[in-house]
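For reference, the structure discussed in these notes is given below.
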Amino acid sequence: MSELTLTGTAAVAAGPNTTTLPAAPDRRGGTVIVSGLSSDAHTWNLVFLQLLIEELGYEVVNLGPTVPDELLESEIRAHDPALVVISSVNGHGYQDGVRVIRKLRAVPALARTPMVIGGKLGISGGSDEARLQELVDAGFNAVFEDGRTEQGSFERFLVTLPQKALT
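Going by the numbering used here, the first residue of the sequence shown is number 227, and it counts up by one from there.
Structure below.
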């Protein structure tokens, strides 16, 4: 990912801590799709992500939990989003994520759409670098693993999306 120069700052409250981030350029109209995976019925993570992303100036289409791969693909095609965010809490994020990103990247119209995955991606309790790398190799632009990724890294990724991804 290339570095961008941004001006201004925005503060994101994180409990007792506050992280200062580069201000997002005026991105009203930029759409982000937030989705769970087909095997994951959790909703709180998706609502949290929606609120965070909206706070950073994006419109959010929240597809909710247990989203079939085909529905995810059709919604991405329909909205042509600036970013797709896939979240998992049930521990099957790695397995489901590899499957869904390979399907999505096989569609020529979606080959350049920025897509990330995050949350609890495995059930072993430890981080597995090879699995994280496989998610990137399969087509995710970034992976944000629960308990491994520092606070604020997703926000920094979001505010540094290339401008061309927003048109």
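Ideal Cβ positions, reconstructed from N, Cα and C, are used throughout, including at glycine.
Assigned exposure category for E281 - 16 Cβ within 10 Å defines buried: exposed
With a 10 Å radius around its C-beta and 16 neighbouring C-beta atoms as the bar for buried, classify E371 as buried or exposed. buried
Beta-carbon proximity check, G256 vs P307, cutoff 9 Å: yes
For D266, is the classification buried or exposed, using 16 other Cβ atoms within 10 angstroms of its Cβ as the cut-off for buried? buried
Find the nearest neighbour of V333 within the set S313, Q276, G365 and V260, judged by alpha-carbon distance. G365
For V273 and N288, what's the separation of their Cα atoms in angstroms? 8 Å
For N288, report the span of its beta strand (DSSP E) as first-last. E285 to N288
Following the continuous alpha helix (DSSP H) through S300, name the residue where it begins and the one where it ends. D295 to H305
With DSSP as the reference, please indicate the residues paired to E281 in a beta bridge. In DSSP, E281 forms no bridge with anything.
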